[in-house]
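Residue 551 in the working numbering sits at position 3 of the sequence shown, and the numbers go up by one each step. Read the structure below first, then the notes.
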Amino acid sequence: MNKRIKQTFDVVGRTTLKSKLGVSDKALFAACARGIPASWFDVLDELAKEKGLRVPRSLFNWKRAQPTTDQRKSFYDPSD
């Protein structure tokens, strides 16, 4: 369990968070174990700002962008 995520949820308010996101206690528990879904960022960020806090982006599970074909070619082809 990630203590920073748990603390963030506690400060923002689990009941408020569940209501705004439309999720269950089980979903919040899973986020503490696996990281916060990136789709929750806007809601959690807004709730944290209301409390005068900043939510670290590192707590979220962001997808990594895949390189484009041109970027892959440039990376692997030294003649480019």
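Positions of the beta carbon are idealized from the N, C-alpha and C atoms, including for glycine. It should be emphasised that the depicted structure is a prediction, and the values quoted were computed from it without experimental measurement.
Checklist entry - If you draw a straight line from the C-alpha of L592 to the C-alpha of T616, how long is it? => result Your numbering for residue 592 matches position 44 in the sequence shown. Your numbering for residue 616 matches position 68 in the sequence shown. Roughly 31 Å between the two C-alpha positions.
Next on the checklist: Three Cβ pairs or more, each shorter than 8 Å: is that satisfied between the region 568-576 and the region 596-610?
Outcome noted: At 8 Å Cβ cutoff, the stretches do not touch.
Next on the checklist: Can you check which of these residues, A579, T563, A586, R562, is closest to R612 by C-alpha distance?
Outcome noted: Against the sequence shown, residue 612 aligns to sequence position 64. Here the closest residue by C-alpha is A586.
Checklist entry - Taking W610 as the reference, which of T556, R562, F557, I584 has the closest Cα? => result Here residue 610 corresponds to residue number 62 of the sequence shown, with the count starting at 1. Relative to W610, the option among T556, R562, F557, I584 whose CA is nearest is I584.
Checklist entry - Would the beta-carbon of M549 fall within 7 Å of that of A579? => result Start at 1 with the first residue of the sequence shown, and residue 549 comes out as number 1. Start at 1 with the first residue of the sequence shown, and residue 579 comes out as number 31. The Cβ-Cβ distance between M549 and A579 does not fall below 7 Å.
Checklist entry - Exposed or buried, what is L601 when buried is set at 16 or more other beta-carbons lying within 10 Å of its beta-carbon? => result Here residue 601 corresponds to residue number 53 of the sequence shown, with the count starting at 1. Classification of L601: exposed, given that the 10 Å Cβ count is below 16.
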